[in-house]
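To start, the structure itself, in structure tokens.
Residue numbers (the numbering used here), protein chains in the order written: chain A, 8 to 433; chain B, 8 to 433.
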């Protein structure tokens, strides 16, 4: 099969092609598929890598540091859990706060506290309208948090180095109601790019030009989630912040949701001691402490049973073939085509594709008719509105290899159909 | 030893008594005790009752209802967990929402959502000043949540039947800015009383006279935590609400924090489906789902390993001797004395004592000097202000029997010293 290309076809050829695609669509419709490429969920095989966590305590619930993990307390986490997270995030042990099972919850709470109460500086809500920078395409759940608190989102372009920093700096200098920026710095959701060293340093320096209550939300969700050993590294933002004396301006988030169990992992945040103290003061009203037994399970698992590095290699061995199918299918159908462009991530959970302008919704709808669920078009943009209607996020981690193969054929056909429809209507 | 009584002593006898008490104080000071009666923490023996939860999954992480508990999702909890909580709370399975490890967090989130966004009715913050009724003495962490959101607390008296309902109804009728009431209906914190059937019904009827966005926070923390089989039962408030068509007006909370592990239990709320849907809508912004693996552990533990009833009997067997020491010491030192009165709880985690007016702070301070930490005087009142300065909460669950014995001698001496000091100053 040669890749799809309609740049040099005439109207008659286009009609024939359309008819042929409709025939293919009929074949796929008859298969009555029910496939799902929507969310970045680990597969059962990945989850099974951590099954040994059950029973790992062997009736010893006391941590090395002497805490009975079964009881109340320990709002900021066990020292051993902090040390584990600190090593992953590249910060000191006292710059980590261990939460429950969800970094999303920590992000929500951080935004809530900053908005309602302030953390070491004025509460955002005191200042009236608040804005947040959102590099796009991005993560829909980040955007939902802003929306929940009535925070206005401002799109910022992304390229292969991360957010367009000229744009970011200019916006911040011009408007002190901008109180933060969302970042997924390594294997960005959904583009999979890794922020360049220069971008990381420029983000660390934003604290110099922004308002005192400006905060970078550094969602390092995929910090150890590379698909190969040669994947690009991420520069240490905390080191950059120390260099520029802006430690309060960045709050990092991470978790083991895609390391151990998606729903029963450990989440944490890392920031200046001042930020964490302020966070803890408010969290202490809402909670007596996180599940320390689960912290202990993770500590034991990653010291006695395996190492993070070994464990993540096993994840990569399960994930890489899935990404490879997606990418080879895209290549097979659209190499050098102007119908579709896509990213080639070296880690994370997503492949981001761009259709021609105005076709993403149609592609998602056509794929759905053929039994393949995709993340709704627009979901990667604030308010669900992709101004170009071209970005679609593909999440290949959960389905089986056979399912991905089938789903990508459906997806490719949907792209071709939508593209031909557009050409015919032109 | 006869109980302490200074009602018929003259000034000279009082001075001699004071001197003798100071001697006793010197003896206790030399013991350099370090004892703690502050918080309602389960003892290690109690926690060990649930140690079999580790390893109970035996590599089978799939619930009977077919959910892979390791993965994301299930915001409102596993069906089996809901059924378990529903049976405890006396509601239908679809009237339960399973949270993380802390009912306090669910209470905080509920108040937050009611205040900021509203749940099926106007958001409280839209209406300006908001007030909340606080039966006193009560639970300091409830009061802290109100304070966090700037909600004004109004004290309501308690008697052996629960809150003074004449006062509650009159306040609500007179002031529509009253948006709720805190209740710990069974083995109230700290008094240990159980709300009478009439009180429960009158609380269920508050929805008839209160604002549409009024909510009863029914913290049923000690629902199955009786010290004996003859402890008084609590009337089912949901049944009363159904009778009076006020299901939206009451939100129940509960957890296994004092059943399984204090820091690693299951928490839940129970209310009308409308309230839970509204709660879930907002929680879904902050979280992808609770730790379902821990839910599965609890389900297996309480079906395969033990029953709630058997398990709570084991807790009672560990707790009752501790309460017995406290009560027998109080009897021994203060039977028929006007220096101290106290409650005799049949469940829960606390004994509430009242000193003479103006002495609670002094008693806590004297006990601290002798090495016994008590909950700060005033903590059982909003803003930490006990208008009579007489209430102290004693929490005997955590220390050993020997420690409680020692601590109660210290406490009793502190009460006597403070009482004599007051009499001398009179």
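Using N, Cα and C, we set each Cβ at its ideal position, and we do this for glycine too.
Close Cβ partners of residue i (< 6 Å) along its chain, the five nearest in sequence each way excluded
i             : result
residue 262/B : 110, 272 and 274
residue 474/A : Outside the modelled stretch of chain A, which goes from 8 to 433, sits residue 474/A, for which no answer is possible.
residue 279/B : 254 and 255
residue 159/B : 138
Residues near residue i by beta carbon distance below 7 Å, same chain, minus five either side
i             : result
residue 182/B : 138
residue 301/A : 271 and 273
residue 344/A : 10, 11 and 12
residue 21/A  : 13, 427, 430 and 431
residue 45/B  : 380, 381, 382 and 402
Inter-residue spacing [alpha-carbon to alpha-carbon] between residue i and residue j
i             : j             : result
residue 169/A : residue 187/A : 16 Å
residue 266/B : residue 403/B : 16 Å
residue 56/B  : residue 379/B : 28 Å
residue 135/B : residue 298/A : 37 Å
residue 85/B  : residue 177/A : 48 Å
residue 34/B  : residue 336/B : 19 Å
residue 276/B : residue 409/B : 37 Å
residue 371/B : residue 395/B : 15 Å
residue 249/B : residue 225/B : 16 Å
residue 315/A : residue 383/B : 45 Å
residue 66/A  : residue 269/B : 16 Å
residue 167/A : residue 191/A : 13 Å
residue 320/A : residue 165/A : 29 Å
residue 108/A : residue 354/B : 32 Å
residue 283/A : residue 103/A : 8 Å
residue 387/B : residue 196/A : 48 Å
residue 419/B : residue 255/A : 49 Å
residue 200/B : residue 223/B : 18 Å
residue 31/A  : residue 415/A : 14 Å
residue 74/A  : residue 68/A  : 8 Å
residue 417/A : residue 38/A  : 11 Å
residue 252/B : residue 327/B : 39 Å
residue 281/B : residue 98/B  : 14 Å
residue 215/B : residue 180/B : 10 Å
residue 194/A : residue 233/A : 8 Å
Residue i - containing beta strand (DSSP E), residue span
i             : result
residue 222/B : 222 to 226
residue 186/A : 185 to 190
residue 159/B : 159 to 166
residue 140/B : 138 to 143
residue 274/A : 274 to 277
residue 259/B : 257 to 262
Spatial neighbours of residue i in its chain, beta-carbon cut-off 8 Å, leaving aside the 5 residues before and after
i             : result
residue 291/B : 82
residue 105/A : 83, 84, 85, 88, 89, 92, 273, 274, 275, 297 and 302
residue 334/A : 349, 351 and 358
residue 64/A  : 300, 303, 304 and 307
residue 390/A : 150, 154 and 160
residue 29/B  : 424
Buried or exposed by the 16-neighbour rule on C-beta atoms within 10 Å, applied to residue i
i             : result
residue 363/A : buried
residue 329/B : buried
residue 212/B : buried
residue 79/A  : buried
residue 400/B : buried
residue 305/A : buried
residue 258/B : buried
residue 398/A : buried
residue 26/A  : exposed
residue 373/B : buried
residue 310/B : exposed
residue 312/A : exposed
Residue range of the unbroken alpha helix (DSSP H) whose run includes residue i
i             : result
residue 398/B : From DSSP, residue 398/B is part of no alpha helix (DSSP H) but of the beta strand (DSSP E) over 398 to 401.
residue 427/B : 408 to 432
residue 331/A : 315 to 341
residue 361/A : Element bounds for residue 361/A: not the alpha helix (DSSP H) but the beta strand (DSSP E), 358 to 362.
residue 105/A : No alpha helix (DSSP H) contains residue 105/A, which is instead part of the beta strand (DSSP E) from 103 to 105.
Within chain E, partners of residue i - CB distance below 8 Å
i             : result
residue 299/A : Of the chains in the structure shown, none is chain E; the protein chains are A and B.
Inter-stretch contact (C-beta, 8 Å, three-pair minimum) for the region 282 to 294 of chain B and the region 416 to 429 of chain B
Verdict: no, contact absent.
Pairs of beta-carbons, one from the region 239 to 255 of chain A and one from the region 203 to 210 of chain A, closer than 8 Å: are there three or more?
yes
Is the region 324 to 342 of chain A touching the region 118 to 133 of chain A in the sense that three or more CB pairs, one from each, lie closer than 8 Å?
Counting Cβ pairs under 8 Å, fewer than three are found: no touch.
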